[in-house]
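Numbering (our numbering), first residue to last: 361 to 625. Here's the structure, in structure tokens; my notes come after.
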């Protein structure tokens, strides 16, 4: 397959599950302007980056799409993977004050960070344009463009808040399911960012049934997980291997870890 093709086209056969970024908590900062290829490093003030480190969270930048209502300047969202997404305004020092946040509706982030990879610019923005035409105004108002989520080879990529569920190869039907509080099909699920890649693979395998991870053991390249599934307990074996993949448009192939379920009992 020609390397000149978009990386998301080249990687169309690649497994999606187990590729979510890992973070327990996310801080989403409104920034309506241009981002560049390293937006957090260049646009988030150092004191805000220190705050994020102290609160064990990763930062993303976000902006409202065209044709959507614009949020007030200095708006931020705080998502810890629980049942509530919290929205607030940075204080006079440019820092979040979590005690002053309010619970808000679920939001869907869609990566459009074109300076990082052309797939995000092309496929992410095309998806948002399609959603603007197909969703209700109330649903479309719950979409934010966001900076780099990782995995642009799976564009369009996104993340549902407050579940912190990373998604890939999104299309308008999947977005409608997500914003209608329906269980999205497992073929879009990369995994919850609070889980390890191996756990994400199990999560996607069981989806939409919830997986309760109880214990684990590592044996070389194979990990064993004891998982609660409803009233049952299931043991999974997940193997880590390495594959040569083109992770970005125009890049050379590089080694990327892959995780596969090789046993269940």
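Cβ atoms here follow ideal geometry from the backbone N, Cα and C, with glycine treated the same way. On a predicted model such as this, the values are computed, not experimentally measured, just so you know.
Counting along the chain, residue 492 sits inside the alpha helix (DSSP H) bounded by residues 485–494.
Within the region 455–481, the complete beta strand (DSSP E) segments of 3 residues or longer fall at 462–464, 467–471, listed in chain order.
In the DSSP annotation of this structure, the continuous segment of the alpha helix (DSSP H) that includes residue 411 starts and ends at 406–414.
Residue 597 and residue 580 do not touch by the CB rule: their CB atoms are close to 11 Å apart, not below 8 Å. The Cβ atoms of residue 438 and residue 386 sit closer than 9 Å to each other.
Distance from the Cα of residue 510 is smallest, within the candidate group 558, 616, 407, for 616.
Secondary structure at residue 401: helix, using DSSP grouped into helix, strand and coil.
CA-CA distance, residue 519 to residue 468, rounds to 6 Å. Excluding five sequence positions before and after residue 455, the CB atoms of its chain that fall closer than 8 Å to its own CB belong to 407, 408, 411, given in chain order. Rounded to the nearest whole angstrom, the C-alpha separation of residue 423 and residue 481 is 14 Å. A straight line joining the alpha-carbon of residue 488 with that of residue 443 spans about 25 Å.
A distance below 9 Å separates the beta carbons of residue 470 and residue 517. Here the region 375–393 lies against the region 525–536, with 3 or more beta-carbon pairs under 8 Å apart. In this structure, DSSP gives residue 606 a state outside helix and strand, which the three-state scheme calls coil. Residue 445 sits in a strand when the DSSP states are folded into three classes. Taken through DSSP and simplified to helix, strand or coil, residue 611 comes out as coil. Taking 9 Å as the cut-off, the beta carbon of residue 564 is found closer than this to the beta carbon of residue 546.
A check of alpha carbon separations from residue 570 across 425, 576, 555 identifies 555 as the nearest.
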